[in-house]
Every structure is written in structure tokens, then in C-alpha cells.
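Quick note: the sequence shown, position 6, residue 6 per this note's numbering, numbers continuous.
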Amino acid sequence: MASTDKFITINGLKLHYVEHGDPRNPAFLYLTGAGGTAHDGDILASQIVDRYHVLALTQRGHGDSDRSENYEGMVFLEDTASFIEATGSAPAVVCGLSMGGMIGLGLAALHPDKVAKLIDVDSGPEGDPEGRKRLVDAVLTIPDAFDSMDELIAAHRVALRGIPDDALRRGLEFDTVRGEDGKLRRKTDPAFVRSAFLEDGGARNQDMENALWGACAMIKCPTLIVRGSRSDILSRKTAERMVAAIPNAQLVEVDAEHAVPYENPEGFYQAIKDFI
Numbered sequence: 001m002a003s004t005d006k007f008i009t010i011n012g013l014k015l016h017y018v019e020h021g022d023p024r025n026p027a028f029l030y031l032t033g034a035g036g037t038a039h040d041g042d043i044l045a046s047q048i049v050d051r052y053h054v055l056a057l058t059q060r061g062h063g064d065s066d067r068s069e070n071y072e073g074m075v076f077l078e079d080t081a082s083f084i085e086a087t088g089s090a091p092a093v094v095c096g097l098s099m100g101g102m103i104g105l106g107l108a109a110l111h112p113d114k115v116a117k118l119i120d121v122d123s124g125p126e127g128d129p130e131g132r133k134r135l136v137d138a139v140l141t142i143p144d145a146f147d148s149m150d151e152l153i154a155a156h157r158v159a160l161r162g163i164p165d166d167a168l169r170r171g172l173e174f175d176t177v178r179g180e181d182g183k184l185r186r187k188t189d190p191a192f193v194r195s196a197f198l199e200d201g202g203a204r205n206q207d208m209e210n211a212l213w214g215a216c217a218m219i220k221c222p223t224l225i226v227r228g229s230r231s232d233i234l235s236r237k238t239a240e241r242m243v244a245a246i247p248n249a250q251l252v253e254v255d256a257e258h259a260v261p262y263e264n265p266e267g268f269y270q271a272i273k274d275f276i
């Protein structure tokens, strides 16, 4: 399957994205989780490219996209809305994992003309506290630099558990650069990591939670919530509450932990194929 790496200037930043398939087909936009790149959507794109023109966006501060001084939640939403506008992709089927799912919820609520259908993957207004603590504790153990890719993969295994080694390696290779000192480092901006995982969320997180529950009630497009059946990030209780809050929503579970499309790509495709 042919794919093309491209760049586009959005809100003053050069953002990387990957394009798959025929632009005459309906648009499908993939939004990755925190720390991911547009190439995280490659496997899914290969499964649907016969039906869709697939675009996958690397968010600011990630991969080969520009870094920024601002990583507040709304800027990612507005970057994505502007990206859809600039690429003429509206209305698109929007599929987002984790952070990408939260962006998708806000996008569908505030920019309904840009979203034909929404697939929210293991992401909700509130995360399971124990799962978030596990993730934050794991991120705290990850060094800044590595001598080899094997070391880098091993260090990320606790945070990204459940993803097969080959998929984890491939994903991290797109977000890794070797410095002049010979060390490997993530391209993802450490300032984003601090903002997303390590800084005291407190009132800011509560405000985001309230805003996303409000967004759920505003979403009018057909919505599929995909939960990893063994996820410790999105609880079944929260997923069911989302189905009740979103007027036209349904829930499906896939045998996976949090990173559903990477842990079980075939199961994920089977879960969404009839919806799209």
C-alpha cells in the first residue's frame, strides 16, 4: 500500500501527516495517542484504504511535527479542526486512541460539520485512577537517552504493555533520533510529557473532565466507543456512562489492554468495519 509523508503549516506550526489512498474516497482521519506519530495509523490504513482516503496526523510536539510552547488540550483540538479544513477532508470519519480520542470527542462536539462519524478508542472524560497512576509511575522510570533501540523498547515496555515487540519497535522508531553523542532520544517534546503526565493536574484535570462530559452530550454524529476488555485506563463503568450521554453511541470491547489498534489490529478492524 502506497503512503506519503507530508507536511502542512497549521496555526503557525509545521505538522507532519501521512496520507494513504485515493483522495476521491471519503476521508478517514486517525488521531494517535500521546507520544505517537502518524505512522501509528499505518496498519489500520492498510485495512481500509480500499474504501477510504486515510489521513493520520502527528500532533504538535510529537515526532516530526514542530514543538510548541503551548500544550493545553484545546490547542490540539483546534490544530485538528484546522487540519481537516486545510486538507478539505470534512466531513471525515474520525478515529482517535487515548489522547486522540479526547480530541475526537471535543471535535465532534464543537465542530460537528467536520465529523461524519466518531470512533473513540479506550478514551473518555475520566480515566481509571489506578491505571493512570500505573502509567505515570511507568513514565517516571523512563530515562532520557539510550544506547540502543533494544534498551529504549525495554524501558517503554511497562508503560506500553500489551503491544507486541515488533509493533512497539516500529512505533518507537518513528519517534526516535540519534544525537551527536550517539544516544537515542524520543522526538516527542519532554515539555509535552511533563504537561501530559508529570505535572500536578489538579483543577486543570477536573476542568477537562467536566468539559469532556459536556462535549459528550453535544455530540450528534454516530459514535462507536471501543474499549480494551482488559484496559485499566477506560473503565467499563465510564464507557457505559459515555454511551448513555452521547445520543447516538454504542460500545464494543476488543480483547486488548489500552492500545487496542496496536495490541490487536485484526480484532480492532473487526470491531469497527461495519460501523464505518
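For every residue, glycine included, the Cβ atom is placed at its ideal position computed from N, Cα and C.
{"Item": "Counting pairs of beta carbons, one from the region 57-65 and one from the region 231-245, are three or more of them closer than 8 Å?", "Value": "no"}
{"Item": "Does G182 pass the burial test, meaning 16 or more other C-beta atoms within 10 Å, or should it be called exposed?", "Value": "exposed"}
{"Item": "If L97 sits next to P261, beta carbons under 8 Å apart, how far is it from one beta carbon to the other, in whole angstroms?", "Value": "6 Å"}
{"Item": "Count the C-beta pairs between the region 75-95 and the region 106-118 that are closer than 8 Å, then say yes if the count reaches three, no if not.", "Value": "yes"}
{"Item": "In the DSSP output, which residue or residues are listed as bridge partners for A97?", "Value": "The identity of residue 97 in the sequence shown is Leu, whereas the question assumes Ala. According to DSSP, which records beta bridges pairwise, L97 is partnered with V121."}
{"Item": "Within the region 64-90, note down every full alpha helix (DSSP H) run reaching 4 residues or more, in order along the chain.", "Value": "73-86"}
{"Item": "If I measure Cβ to Cβ from G35 and keep anything under 6 Å in the same chain, skipping five residues before and after, which residues do I get?", "Value": "T188"}
{"Item": "Does any residue of chain D have a CB that is nearer than 8 Å to the CB of N11?", "Value": "No chain D is part of this structure, which consists of one protein chain only."}
{"Item": "Grouping DSSP H, G and I as helix and E and B as strand, with all else coil, what is E266?", "Value": "helix"}
{"Item": "Quick one: does the C-beta of A90 sit closer than 7 Å to a heavy atom of the ligand SAH?", "Value": "The ligand content of the structure shown is nil, which means the ligand SAH is not present either."}
{"Item": "Please list the terminal residues of the continuous alpha helix (DSSP H) segment that includes F146.", "Value": "Neither: F146 is in no alpha helix (DSSP H) and is coded neither H nor E."}
{"Item": "Evaluate P125 with the Cβ neighbour count: other Cβ atoms within 10 Å of its Cβ, from every protein chain shown; 16 or more gives buried, anything less gives exposed.", "Value": "buried"}
{"Item": "Whole angstroms are fine: how far does the CA of E180 sit from the CA of V254?", "Value": "43 Å"}
{"Item": "By DSSP's criteria, A56 is part of a beta bridge. Which residues make up the other side?", "Value": "V18, Y30"}
{"Item": "Whole angstroms is fine: what's the gap from P143's alpha carbon to T9's?", "Value": "32 Å"}
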